[in-house]
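Asker: In terms of our numbering, the sequence shown is residues 29 to 131.
Once you've had a glance at the structure underneath, I'll fire off some questions.
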Amino acid sequence: MKAKKNEPTHWEAIRRTIGANIRELRLEKHLSQEALAEKTGLSRNTIVRAEWGRISLTVERLADISTALGYPPSEILERSPQEIDFQPIKWSGGRSKLGEAEH
């Protein structure tokens, strides 16, 4: 079955869920993306792209991230992420991106 326009595909939804779980666990440990990158040997850009569900992680990278966070990989794969309120962030020049709303 083909996803409707603007609906994530099955694999996109899985990547987004895994990414949201990584972000949630990282924040629970009070780690920045840069700190997690240093602990895993991955680039900050890779951490950002993984958290946003833009890339698929290999089993090895998932294991590196889970070890750095102090959780088993199953915790990243099985958790249901909490609802995150994303709002547009305006940049100069009219560009915008989604970011987490500040409360």
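Even glycine gets a Cβ: it sits at the ideal position worked out from N, Cα and C.
1) For the alpha helix (DSSP H) that contains P101, what are its first and last residues?
2) Residue range of the alpha helix (DSSP H) that L64 falls in?
3) With distances taken from CA atoms, which of T74, P36, G69 and T45 is nearest I104?
4) I'd like the span of the alpha helix (DSSP H) that includes S84, first residue to last.
5) Taking the Cβ atom as the reference point for each residue, do L85 and A78 lie within a distance shorter than 8 Å?
6) Whole angstroms are fine: how far does the CA of S71 sit from the CA of L90?
7) Which value, in whole angstroms, describes the spacing of the CA atoms of E106 and G81?
8) Beta-carbon within less than 7 Å of A41's beta-carbon, same chain only, minus the 5 sequence neighbours each way: which residues are those?
9) Reducing DSSP to helix, strand and coil, say where G98 ends up.
Answerer: With the structure as the only source:
1) Judged by DSSP secondary structure, P101 falls within the alpha helix (DSSP H) whose first and last residues are P101 to E106.
2) Unbroken alpha helix (DSSP H) run through L64: Q61 to T68.
3) Nearest Cα to I104 within the set T74, P36, G69 and T45: T45.
4) Per DSSP, S84 lies in no alpha helix (DSSP H) and is assigned neither H nor E.
5) Cβ distance < 8 Å, so L85 and A78 count as in contact.
6) Their backbone Cα atoms lie some 14 Å apart in a straight line.
7) In this structure, the alpha-carbon of E106 lies about 15 Å from that of G81.
8) Taken in chain order, the list of residues that qualify is empty.
9) Assignment of G98 by DSSP, reduced to helix, strand and coil, places it in the coil class.
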